[in-house]
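Okay, so here's the structure we're looking at.
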Amino acid sequence: MTSETHQHRQSGPSARLSYSDFEVAIKAFLHQTRHHTPWSYVEYSPRRGQPLQGYLTLTKLIHSHHTSSGATSTITGTFLTGTTTTIDPADQLLLDELAEQLEDIPDGDDYEQGEETDPVVENSSATTFDYLSVNYHIVFSPSYQVPVLYFNAYRPDGAAISLEEIYESLVPEEWRGAIRNAGLNGGISQQDHPVLNTPYFYMHPCETVPLMETILQNNGSPNGTSFLESYIVTWLSFTGQAIGVSVPTDMVAANGQ
Amino acid sequence: MHTTSENPVARVIWEGSIPIQFIWDPTETQGRILEPYFVEVPRCSYLSLITSQIRRDFAAKRLGFTSDEGEMWFDYQGIPLKWHYPIGLLFDIHALQAKSINKETMLPLPWRVTVHCQNFPGEKLIKNPTLKSCQDYFMSMIKEADYLRNGSTKKVMNMSKSDQTQLWEGLWSKSYEQFWGMNQKLVSNDGTMARSLPIRIYLPENCPIIQDLVSPLDEQGQPRTLRQILHAAVPDLFPLVDVDVGSSSPVASVLIHGIKPSLETDATWAAQTMAYPDNFLHLVVVIE
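Chains as they are written, first to last, in the working numbering: chain A, 551 to 807; chain B, 845 to 1132.
Here you go:
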């Protein structure tokens, strides 16, 4: 009840979401991405006697290429379904196989020409090639009233990587400066996941409302439903790229109108 | 500078402290039994702010000690303590709330906290508990509280760097005047009514923290009380009215800074006066 009482519910769409708006938005997003990306919907009981709430999760393998100079570029790879947060040694073989199947698509200027011909020949050499299992969560923030992107990234041995390693092996070089300098302490920090209460990295949400308001204003006058249904695709196309989760461009075009 | 002497409650809260007995993890001292380190720390402070004095004590007792501040961590009864929570909140959750669940009667003082310098539990605790990390986290809470009150973080982001630093420095140096001289503007929202009150509710047994949007006024335009907020969040623990006052004791109550306030307290007043320095009113639910 408190969540609705102080808000003046406008008739038109709003960049700020209530939880029920968020649920409509993530369910629409799940439907839109069902053939592209295996996001899953996780339901949880926030407390006894109250309606279930949900968030989205995705686990994805990201192939990060370390050049000899120490610079890196990230390469999007194969998806893994499920919501595993650490890599079980039993899954190691499967992961190794998947890593071999990753398409090696360079996307950074720092990529050295001579090295891109056959990326998997020396797949056992961790110093040359590495991949990360990244666990993404899209969770509602009751404070900011927007979706927040939480994530943790794990090395093949299951160890979680640090913030510095995230900047180096997950964030494309062209984004690093901007994200490091965002806000008071940079755009990425660690805090407790609001549902799981364990540490996750997250993209700071305090600029999401201004961003989505700009989109809303520049989009003509979409009816409320379509703005809400395209909310996650639009937001994620801005927020996710920097940390390796992308939205197919045709979807952005299709949903942005 | 804003005068803050007219707020005796805020001052008493600021001066609240907890005696802690720090015990070294015996598996990390090569079998040596080291004397514990006793210290009285402000409830409003953070473990990261006292790490350096613990390290000094440790170094004095143990030859060859090397560990950087980013590796030290603490537990109480085997549960790692979140360094980004104020110490008073940690004590209320891990000592007092747990005591209410286990029906213990002894007050767990001094609070016996175990110190570790190895095997940092990165899956349970945010990494790198340095002073800088703690300051960053503290400022992110201040920002979030500002967002709740104003719908944007402009008030904090428009503060000069030195004004922002004054908040942290005041906390770090335990200077009530320095901290509240700056913080008063934030919590009072420059005299305008907040959109929402920065409140978090902690239920027992590691339930997700409750943080609903709570407006200062109820549907009748009356100031919302703590009881109304708790009832909205967990109605079975906090009935709206005590039907037969005196005939049945309440199921649950809340702790703020270790005390049980009247549930009829005006929530806005509580949020302005009894918040921790991070600007959040942290309500720890205890079962009676």
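Beta carbons are placed, not taken as given, at the ideal position from N, Cα and C, and that holds for glycine.
- From the beta-carbon of Val698 (chain A), no residue of chain B is found nearer than 8 Å; the closest lies around 11 Å away.
- In this structure, Leu1061 (chain B) sits away from Pro1105 (chain B), with a CB-CB distance that is not shorter than 8 Å.
- Sequence-distant Cβ neighbours of His687 (chain A) in its own chain, meaning closer than 6 Å and more than five residues away, are Tyr605, Thr607 and Tyr700.
- For the pair Ser1006 (chain B) and Leu953 (chain B), the Cα-to-Cα distance works out to about 38 Å.
- Here Val1000 (chain B) is buried, its C-beta having at least 16 other C-beta atoms within 10 Å.
- Taking the C-beta atoms as reference points, His960 (chain B) is found nearer than 8 Å to Asp869 (chain B).
- Rounded to the nearest angstrom, the Cβ distance from Val1095 (chain B) to Gln941 (chain B) is 14 Å, too far for a contact under 8 Å.
- The criterion of a C-beta distance shorter than 8 Å is satisfied by Leu567 (chain A) and Gln695 (chain A).
- Excluding sequence positions up to five before and after Leu1081 (chain B), its CB lies within less than 6 Å of the CB of Val1095 and Ala1096, all in the same chain and listed in chain order.
- Taking the beta carbon of Gln1055 (chain B) as reference, the chain A residues within 8 Å of it are Pro692, Ser693 and Pro744, listed in sequence order.
- Against chain A, the CB of Glu1108 (chain B) has no partner CB under 8 Å away; the residue lies outside that interface.
- In summary, the residues of the segment 586-610 of chain A whose CB is separated from some CB of chain B by less than 8 Å are Tyr594, Pro596, Arg597, Arg598 and Gly599, in the order they occur in the chain.
- Setting aside the 5 residues that flank it on each side, Leu1015 (chain B) is surrounded in the same chain by Phe1023 and Pro1121, each with a C-beta closer than 6 Å to its C-beta; the list follows chain order.
- Bridge partners of Tyr881 (chain B) according to DSSP: B:Phe866.
- Not a single CB atom of chain B sits nearer than 8 Å to the CB of Thr758 (chain A).
- When secondary structure is reduced to three states using DSSP, Trp927 (chain B) falls in the coil class, being assigned neither helix nor strand.
- Cα atoms of Phe935 (chain B) and Tyr591 (chain A): separation of roughly 35 Å, rounded to the nearest angstrom.
- In summary, Ala904 (chain B) is exposed, with fewer than 16 beta-carbon neighbours lying within 10 Å of its beta-carbon over all protein chains present.
- Secondary structure at Glu948 (chain B): coil, using DSSP grouped into helix, strand and coil.
- For Gln603 (chain A), the enclosing beta strand (DSSP E) covers residues Gln603 to His616.
- What Pro1052 (chain B) touches in chain A, judged by beta-carbon distance under 7 Å, is Pro596, Pro744, Val745 and Asn747, going in chain order.
- Taking C-beta separations shorter than 7 Å and ignoring five residues to either side along the sequence, the partners of Met1037 (chain B) in its chain run Pro1060, following chain order.
- DSSP lists no bridge partner for Met985 (chain B).
- In chain A, no part has a C-beta under 9 Å from the C-beta of Leu1125 (chain B); the shortest such distance is about 14 Å.
- Contacts with chain B at 8 Å (Cβ-Cβ) include Ser739 (chain A).
- With a contact defined as Cβ atoms closer than 8 Å, Val1058 (chain B) and Ala989 (chain B) miss out at about 12 Å.
- Contacts with chain A at 8 Å (Cβ-Cβ) do not include Glu1013 (chain B).
- For Ser944 (chain B), the closest Cβ of chain A is not nearer than 8 Å.
- When Cβ-Cβ separations below 8 Å define contact, Ser712 (chain A) makes contact with chain B.
- Chain-order list of chain A residues neighbouring Val1078 (chain B): Arg597, by C-beta distance under 7 Å.
- Comparing alpha carbon positions, the residue from B:Asn1050, B:Glu1108, B:Thr1117 and B:Trp1012 closest to Tyr890 (chain B) is B:Trp1012.
- With fewer than 16 other beta carbons inside 10 angstroms of its own, Asn946 (chain B) counts as exposed.
- Assigned with DSSP and collapsed to three states, Pro744 (chain A) falls in coil, not helix or strand.
- In this structure, the straight-line span from the alpha carbon of Gly562 (chain A) to that of Gln582 (chain A) is close to 23 Å.
- Here Val853 (chain B) is exposed, its C-beta having fewer than 16 other C-beta atoms within 10 Å.
- The distance from the Cβ of Ser896 (chain B) to that of Pro973 (chain B) is about 12 Å, inconsistent with a contact at the 8 Å cut-off.
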